[in-house]
Amino acid sequence: MHHPEGYVNHEIEHGIATIEFFHPSSNSLPAAILTDLAKTINDIGIDNRVNVIVLRSAGDGAFCAGASFDELMAISNEAEGKKFFSGFAHVINAMRKCHKFIIGRVQGKAVGGGVGLIAATDYAIATTASAIKLSELAVGIGPFVVGPAVERKVGVSGLAQLSIDATNWRSAEWAKRHGLYSEIHDTLQSVDDSVNSLAERLAHSSPQAMAQLKKVLWHGTENWDTLLSERAAISGHLVLSDFTRNAIQKFKSKSAK
Amino acid sequence: MHHPEGYVNHEIEHGIATIEFFHPSSNSLPAAILTDLAKTINDIGIDNRVNVIVLRSAGDGAFCAGASFDELMAISNEAEGKKFFSGFAHVINAMRKCHKFIIGRVQGKAVGGGVGLIAATDYAIATTASAIKLSELAVGIGPFVVGPAVERKVGVSGLAQLSIDATNWRSAEWAKRHGLYSEIHDTLQSVDDSVNSLAERLAHSSPQAMAQLKKVLWHGTENWDTLLSERAAISGHLVLSDFTRNAIQKFKSKSAK
Amino acid sequence: MHHPEGYVNHEIEHGIATIEFFHPSSNSLPAAILTDLAKTINDIGIDNRVNVIVLRSAGDGAFCAGASFDELMAISNEAEGKKFFSGFAHVINAMRKCHKFIIGRVQGKAVGGGVGLIAATDYAIATTASAIKLSELAVGIGPFVVGPAVERKVGVSGLAQLSIDATNWRSAEWAKRHGLYSEIHDTLQSVDDSVNSLAERLAHSSPQAMAQLKKVLWHGTENWDTLLSERAAISGHLVLSDFTRNAIQKFKSKSAK
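Protein chains in written order, with our numbering: chain Y, 1 to 257; chain U, 258 to 514; chain H, 515 to 771.
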């Protein structure tokens, strides 16, 4: 699925589906990409040719810059706000409900919703350059939709650190120590070797056992369809504040080159 | 609020409220200090001039020695026991329900209830000398009231280690690795720089977003008014045992100089 | 209790009960050993002479190789499957419900159910050689019965890493960092010194306080009688698959010397 800016692609080979997303702004996530991502994961989740999924983004820069600032600025009422943030909710819920394991392949930094995507994978392998940040509070919102997925991996203590200290990066080492990354590697080649090796092993593992294991690992999240929707409404309300408008305006003028 | 021994002070400046408590016995916590602390947090929690709270204790020695041994020894029945331990419950619940983030500033060691106070902050910054100990079992009781707050940060595994191995200190490094401290610094100056920097940033962050984030970070603790009260009754019962009387007597004669 | 192959022994001295199990195949766990282990823990749990329990296995090789492959291969229907895996459920539930603290003494590697036993102790002390592996997925099943106990210690993120990456060992250092081990030591002598020192201290601690603390540390697991039984049924079903038959056959022929 191609868009004027960015895409969601996938290919299936030897039981392994590889999903790749791209956006020219450091792989940020506009609504169209989020919709495609959720749909692709849902479709592949029931594709019998597939035994395991690899989720990656394009390029050798950032893994994902989170929500699209342009779209955030365009939100003009609570309904639009809730709808926008529900885009992340749908992707996380698609990943959560998929009966197949999703391996995250992380080549670089992740911010906000991008951290949420990584948290919703079942096993994330990253480079040592893959620092993370939940910067939402700096623009007057919060990591409400991705919060449950991030907390599930790094604990409430890790989520508090990330979300309260919103302007500082946490290193890939921090993210590994707190359970967001399962492995970190010095080079992208080593990341890819490890991703391929695990994907091949899982492609030859018992689909029944993996489906049961996935279910067990996500126990207690059965209410996330509702929860993440409620969370999207919180963000959708806060994003309309003057605080957010001014903060995003400042960010945008600062990063304009 | 001043007492014959010790005090709870606070000052408000540029949206930052700093609460300081002091007791000459290594900042231990008699009932009067606990009552003042809970009241101060409750009052500041609804003070519109305040956007963020810093909780600290006085001096450059221990952060907090926990419950006052003198008062523990004076407890003569279960009602008094429950009332004494409820003092900690009220402080933790005040911190939990406060709509503002509380930054903990930790200059040195913490024991028992002192570890509970730190756990109930939203973001704790400590010196590398700030070792911790849950020594309750050594005097025939247990960290029942502070347990939920400590477990929320360090997990059930960390709580088990601290509470079962009751006579050994865990280092500040341990406490950071397990999520009790968000940051540790070699010098107190560096701790203060980091506390001030974070407090100033939060003083200029969106109060609405922070209130929502605080609520979300404390989800699942809605029953703590009841739970911590039940826990206070357990400690209040155990503290009457001969085991506790003898153990505290021994500690006191040992530490008498 | 002696069996043609292997045993469960115990001795009681100065308030400390030491339970030891042995099986010639790297301390693997056939049904008879599991039954004896659960019974011994239940009996000692109500023995007034005992204040604390040490759980260990024999020899200086592996701590425990998990389920017995011979018995896995002999399972011919779902009822037998559920019954076999319930053996682990009974041991874990006996450990959980025991009012006394159980110290785990770990001299070497642990696999599958063996990792579950360690996770169900209250405080585990291991050598630095004590790597762990949840290899269930490699034979078409999963760590369903031991999952709740392992997740309670290492979090859902740790459990995901262990169970998805089923063919790789995690080091003792990993296990300590994630909360499975409370301490690791370079030598077995140092492990034993630490086990003895903690056991002696607990043997002289307040039984009432310890019983309350044990209860509090295991809060939220009240449904495990049912939960682990349901989990045993999942494993009992999966183990009948051709995938499992072939995988175990391969393992056995590989390890035959």
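Positions of the beta carbon are idealized from the N, C-alpha and C atoms, including for glycine.
Helix, strand or coil for residue i? Go by DSSP, reduced to three states.
i	result
residue 306/U	coil
residue 601/H	helix
residue 315/U	coil
residue 606/H	helix
residue 222/Y	coil
residue 618/H	strand
residue 29/Y	strand
residue 8/Y	strand
residue 579/H	coil
residue 402/U	coil
residue 203/Y	helix
residue 646/H	strand
residue 624/H	strand
residue 754/H	coil
State the CB to CB distance for the pair residue i and residue j, rounded to an integer number of angstroms; the pair is presumed to be in contact (CB under 8 Å).
i	j	result
residue 758/H	residue 699/H	That pair is no contact at about 37 Å.
residue 527/H	residue 750/H	With 8 Å as the limit, residue 527/H and residue 750/H do not qualify as a contact, their Cβ atoms being about 39 Å apart.
residue 743/H	residue 540/H	Rounded, the Cβ-Cβ distance is 27 Å, inconsistent with contact.
residue 247/Y	residue 145/Y	Actually they are not in contact, since the Cβ atoms of residue 247/Y and residue 145/Y sit about 18 Å apart, beyond 8 Å.
residue 118/Y	residue 180/Y	6 Å
residue 496/U	residue 382/U	With a Cβ gap of about 33 Å, residue 496/U and residue 382/U do not count as contacting.
residue 617/H	residue 713/H	6 Å
In its own chain, which residues sit with a C-beta less than 7 Å from the C-beta of residue i, not counting the 5 before and 5 after it?
i	result
residue 225/Y	93
residue 721/H	565
residue 80/Y	none
residue 339/U	489, 490 and 493
residue 655/H	749, 752, 753 and 758
residue 115/Y	132, 134, 146 and 150
Can you name, in chain order, every residue of its own chain whose Cβ lies under 6 Å from the Cβ of residue i, other than the five neighbours on each side?
i	result
residue 400/U	391, 393 and 420
residue 765/H	none
residue 291/U	344 and 348
residue 634/H	606, 609 and 663
residue 584/H	none
residue 315/U	277 and 279
Apart from the five residues on each side of it in sequence, which residues of its chain come closer than 8 Å, Cβ to Cβ, to residue i?
i	result
residue 15/Y	49, 50, 51, 52, 203 and 204
residue 10/Y	17, 18, 19, 20, 40 and 44
residue 514/U	For residue 514/U, the predicted model reports a pLDDT of 46, less than 50, meaning its position is unreliable and no value from the coordinates is stated.
residue 173/Y	128 and 184
residue 423/U	390, 391, 392, 393, 394 and 395
residue 169/Y	109, 131, 132 and 133
Please classify residue i: is it buried, with 16 or more other beta-carbons within 10 angstroms of its beta-carbon, or exposed?
i	result
residue 763/H	exposed
residue 275/U	buried
residue 674/H	buried
residue 511/U	exposed
residue 215/Y	exposed
residue 333/U	exposed
residue 432/U	buried
residue 734/H	exposed
residue 499/U	exposed
residue 550/H	buried
residue 189/Y	exposed
residue 222/Y	exposed
residue 261/U	exposed
residue 588/H	exposed
residue 30/Y	buried
residue 318/U	exposed
On the DSSP letters alone, give me the boundaries of the beta strand (DSSP E) that residue i sits inside.
i	result
residue 21/Y	16-22
residue 441/U	440-442
residue 383/U	380-384
Please list the terminal residues of the continuous alpha helix (DSSP H) segment that includes residue i.
i	result
residue 427/U	It is not in any alpha helix (DSSP H) - residue 427/U carries neither H nor E in the DSSP assignment.
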